[in-house]
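Here's the structure, in C-alpha cells; my notes come after.
Protein chains in written order, with this note's numbering: chain A, 285 to 785; chain B, 285 to 785.
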C-alpha cells in the first residue's frame, strides 16, 4: 500500500482546513474521510515535507517551531523554555509531520511540562473493531488522555490505525513489532532487519507520532532474566529474546538503530525506547536485568539525539513504593534527562481487578518524582482486554495520579482547579462542583441518589448529615461572631463524617 | 437502659463459648442473640470486671495479657514486643472489656504492627436500618477492614450499635457526640458536660472499643480557622465550636478530660483524639489551625497515659502528596509516638465520585510514612452516604493502600502474598491467582468475560494476547537454552501489552 502526501495548501477539495490542508491527509489510503473519493487529486509526493528539521534539530538550531509555540501556550510556559528543553532532549513533542498535517494538536512531554498520561487501545485477534476502537479513542480523549497507543494485533490493523490517526487530536503511539509479526505469520524467527525497517517506515507514513521499539535488550542480558519470578513479561522483549536465541545473534534492532533513526527522522517520529526486561512483579523490581537494559537505553538516547531524533524512555511496571523515586532518579541520570514514560507502576501484585488503583498509587509517586508521562493501567490488567468502560476507569485514575503529581511538584497553577472546586463545595454550589469534577456525570449521579430534587443543588447541606449536623451554619456563625464578613461556610461532610467527627 | 455483665464463665446457658462466655453478652439488653430468652440469668454485675487494668496499665506493670498474646500471634511479633510497644503508648489494643467478653478478636494498632484500615458505617436520618448496617459490617470484615466505626445518627441508634457489637469480631469505634446530640434534640448549646460523660459511659457499657472525642479544639483556635477556604469541616469540631461561641467558655471536653479518662479506663475504651480542625481541602492543609490543635492533642496524649488510658490520634483529611510524610512525622513527634489514625488523605480535590482513589494514594503514602491506621473513604465521599457496594470499594482500595505501605516499610513477610500470586501468574494457575486476590470473584469474572471455559483456567496464555504473542513459550525456550530447569514462564501480558511492548 503506497501512502503519499498532499502538498501543503494544494488539496483542491473543499475539505481543506484553515491551513489549506486536507484533514484526512494520509489518514486513509482511500482518503475517504476527507470527504472526497480516492482520486489522484492528493496523491503526489512532496519530498520537501520529509526533509525539514525534526523538533529536536529545530530547537538546537535556535528555531521556535509552531508546535513549540502551541505546546508553550498549553503549558503556560515560554516558547523559549520549551525550545531549550527540547534542544536538551529533556522534552519531546511527538508530532509526525503526517499527523501534524491532520488533526494533531501538538503537546510537550518532559519534566518541565505538566505530567501527561497515555491510554492504550487496540483490538486483538478476538475482540473489537474500528468502531469499537474509535469509541475508546473518544473516551480516552474525553476524560483527559494526552496520548493514545494503538496496540492492535487483530484484523484490519491498517484500517484501524488510519481511522484512529485521522480522528485523533492527540499523539498516537504504536509498537511496530506487532503488525510486523502478523505479516510474518507469527514466526518471529523469520524476521529480517528489513522487515522491521519497512514496518516502521509504513507506520511512520501513516502518521504514527511515537513508536515503542525494544532496542536495548541485548543477548548478554538474557541470563540475567532467567532466575526471575516472572521472567520476561514484555511481549516485544520476549520476541526479540526468541529471535536472538534462534539466530545466536545480537538484537537486530540494536544493530540497526541508526537506520531506524533515519526513518524516524524523516517523519519526526519520537522514539519510545522500550524496556523489554521490565519487572513483571514486585519480586523482580530493580534487578540486574532491568538496570542492565537501562544502561543500554541511556546510550541509545545519546545515539538518537546524535541522529537528530527525539526520544523518551519506557519504564516499569511493578515497583514497591519505596523504590519508585530511586527508579525515576536513576533513569533520569542514566538516560541523560530524556523524558521517562512509566507503566504504572503497580505497588502490589495482590489486587487483580483493581490494578488501576494499585498502579495509580505508583503512578502518582512516579509523576511526583519526575516521570514525564504515565501509561495507564485498567481494572482488566492481567485478566483481559479493556472495554470502553475500563478505558474510562483507567484514564480517570491516571488523571488523578498525574494531577496529584503536578500539585505535589508545585507547578504554577496546578492547584487552581482544586481550589475552585473547594470554594464551590464551601458555597454548596453543587452544579459548579459537578462542572469542575473529572467526571461530572458520575458526581451528579452519586449526589442525586439521595437528593435528586433540583432544589438540593443549592441546598446548604448535603445528604451525609442533613441540616442538623451541617457545619455550615456553625462556621457562618463563627464568622459573624469573629466579625469576619465572608458569606458562606462549609459542610464538607463526607470527609467530616468519614473522619468520624 | 441498664446493661450489665455476665460473670466470666458463669453464663448458665448453652450459648457459652469456649471460654465459657456468652457471645451475646451485653450486645442486646435482651441478650436475645445469645440464643436465650432475656432471663435474669446473666443480669448481675461483676464489678471486678471493671476494676482490672487497662492494656496500658498491664503492659506498664510488665504483664502480658491474653489480648497482647493473640495480637502478637496475628502480627507474627513477640508478645514482649507488643507489651513494650503498648507500655510506651506507641501501640493500642482497642478492646472494651464488654466487647472482649463477646466476639472481639483483639488486634494491635501501632507503627510496629501491620498497617490497619477502618471502614465507617452507620445510618442517617434518612437511610438504612439494622439489617443494612449489619450487611455493611459483614462486607467490611469480608474484604479486610481491621476496625469499623458506627457513625449512626438516625433512628434506633442503640439497637443498631448493640447489633453491630454483638456481631463484630473487630473493634468498634463511635463518635459519642452524635447520639448525645440526638438526645438533646439537635441543640448543642444545651449540652452540659454531664450529658457527654453519660453518653460516653452508656456507649462504653455497650462495648464500644474506641471513641472519637474532640478535646483538642480550643476557644483560642477558632480565629485561626476563619480565613480557611473550607472553614471547619469536622462535624464534631463544628459543634464544639458552636458550643464555645454560645457559652463564651472553653471546650468542655477539654476541661473534663480527666473525668472522661475515668470512664474510658473502667472499660478500657481507647481514645481516638479527634482533629476538629483538620483541613477540608488542599488549600487548608498543614495550616496554623491544624497544627495548633495538634499541639493540644499531644498534651492530651500524655494526660491520657497518665490516667492509664490508651490513645491514638486522628489526622487529616486533604493533603498534597509532598506534605504527607511531614504531617506523619510531625504527629509522631508532637504526640509522643501515639498511633496516628489518618483519614485518607485525599491528594486532590477534583475527583468527587473517585475519592476512594484520590485518598488511597494519600493513604498508601501515609501508611508508608508511619501512620498506624487508615480510615477509608468511599466513592460517595462528598456526595452521599456509602451503600454496601461503596463500602466494598472503599475497603478494597484501602487494603491495597495498607498492604502497599507494609511492603514499602519492608515488614517481614509483607510481600509473601505478592510473591505467591506472581508465581501463580507465571505458572498460569488462574484459580490460584483468583484465590490469592483481594477480590477473587471480581478477578474471576473479568477473566471469564473473554475466556469463560474452564479449560482456560489452566491455559498457558491469556486473552490479552493469545498463544502467538505469549511470552511464556519464549521464556521457557530461553530457560531451556540457558539450561536452567524451571518448568514455566510468563505471559503477564496485561502489563506487557499495556507497556506497549
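For glycine and all other residues, C-beta sits at the position ideal for the given N, C-alpha and C.
Item, Value
"For chain B, is any of its Cβ atoms less than 9 Å away from the one on residue 401 (chain A)?", "no"
"Closer than 8 Å by C-beta to residue 568 (chain B): which residues in its own chain qualify, once you throw out the five before and the five after it? Chain order, please.", "512, 513, 514, 574, 602"
"Assuming residue 400 (chain B) and residue 656 (chain B) are in contact, meaning their beta carbons sit under 8 Å apart, how far apart are those beta carbons, in whole angstroms?", "7 Å"
"Going by C-alpha distance, which of B:396, B:469, B:388, B:460 is nearest residue 448 (chain B)?", "B:388"
"Using CA coordinates, which residue listed in B:465, B:571, B:398 is at the minimum distance from residue 508 (chain B)?", "B:571"
"So which residues on chain A does residue 701 (chain B) lean against when the C-beta distance must stay under 7 Å?", "634"
"For residue 630 (chain B), list the residues DSSP reports as bridge partners.", "B:602"
"Within a Cβ cutoff of 8 Å, which residues of the same chain sit near residue 610 (chain A), ignoring the five residues on either side of it in sequence?", "570"
"Hey, how far is the Cα of residue 555 (chain B) from the Cα of residue 345 (chain B)?", "20 Å"
"Residue 369 (chain B) to residue 357 (chain B), Cα distance in whole Å?", "15 Å"
"Can you check whether the CB of residue 406 (chain A) is closer than 9 Å to the CB of residue 419 (chain A)?", "no"
"Rounded to a whole number of angstroms, what is the C-alpha to C-alpha distance between residue 333 (chain A) and residue 381 (chain A)?", "Because residue 333 (chain A) carries a pLDDT of 45, less than 50, the predicted location of this residue cannot be relied on, and the following value inherits that uncertainty. Distance between the alpha carbons of residue 333 (chain A) and residue 381 (chain A): 8 Å."
"Name the DSSP beta bridge partners of residue 624 (chain A), please?", "A:597"
"Between the Cα of residue 653 (chain A) and the Cα atoms of A:545, A:564, A:625, which residue gives the shortest distance?", "A:625"
"Within the 9 Å Cβ cut-off, does residue 722 (chain A) reach chain B?", "yes"
"Pop quiz: residue 664 (chain A) and residue 730 (chain B) are said to be a contact at Cβ under 8 Å. What is the actual Cβ separation, rounded to whole angstroms?", "5 Å"
"Report the neighbours of residue 730 (chain A) on chain B: residues whose CB is nearer than 8 Å to its CB, in chain order.", "636, 637, 663, 664, 667, 668"
"Is it true that the region 348–367 of chain A meets the region 580–589 of chain A, where meeting means three or more beta-carbon pairs spaced less than 8 Å apart?", "no"
"Quick check on the burial criterion: 16 or more other C-beta atoms within 10 angstroms. Buried or exposed for residue 336 (chain B)?", "exposed"
"Taking the straight line between their C-alpha atoms, what separation do you get for residue 527 (chain B) and residue 645 (chain A)?", "40 Å"
"Quick one: what's got a C-beta closer than 8 Å to residue 782 (chain A)'s C-beta in the same chain, skipping five residues either side?", "For residue 782 (chain A), the predicted structure reports a pLDDT of 36, less than 50, and the residue's modelled location is therefore unreliable. The matter cannot be settled from this model."
"Can you pull the chain B neighbours of residue 604 (chain A), defined as C-beta to C-beta under 7 Å?", "691, 692"
"Among residues of its own chain, excluding the 5 on either side of residue 616 (chain A), which ones have a beta-carbon nearer than 7 Å to its beta-carbon?", "624, 654"
"Quick one, which residues of the region 428–445 of chain B are near chain A if we go by CB-CB under 8 Å, in chain order?", "433, 435, 437"
"With burial defined as no fewer than 16 other Cβ atoms inside 10 Å of the residue's Cβ, what is the status of residue 643 (chain B): buried or exposed?", "buried"
"Starting from the C-beta of residue 522 (chain A), find all residues in its chain whose C-beta is less than 6 Å away, skip the five residues before and the five after it, and write them out in chain order.", "516"
"Excluding five sequence neighbours on each side, which residues of the same chain lie with their C-beta closer than 8 Å to the C-beta of residue 691 (chain A)?", "698, 699, 702"
"Residue range of the alpha helix (DSSP H) that residue 404 (chain B) falls in?", "Unbroken run through residue 404 (chain B) is the beta strand (DSSP E), 400–405; no alpha helix (DSSP H)."
"Given that residue 712 (chain A) touches chain B, what residues does it touch there, using C-beta distances under 9 Å?", "Near residue 712 (chain A) there are no residues of chain B at all, since even the closest Cβ is about 11 Å away, more than 9 Å."
"When we look at the beta-carbon of residue 518 (chain A) and count the other beta-carbons within 10 Å, is it buried (16 or more) or exposed?", "buried"
"Please list the residues of the region 533–558 of chain A that have a C-beta atom closer than 9 Å to any C-beta atom in chain B, keeping them in chain order.", "556, 558"
"Does any C-beta atom of chain A lie closer than 9 Å to the C-beta of residue 596 (chain B)?", "no"
"So is residue 683 (chain A) buried or exposed if we call it buried at 16+ other beta carbons inside 10 Å?", "buried"
"Taking residue 580 (chain A) as the reference, give the member of A:538, A:359, A:491 with the closest Cα.", "A:538"
"Specify the secondary structure class of residue 494 (chain B) as computed by DSSP and reduced to three states.", "strand"
"Comparing the C-beta of residue 574 (chain B) with each C-beta of chain A, is any distance below 9 Å?", "no"
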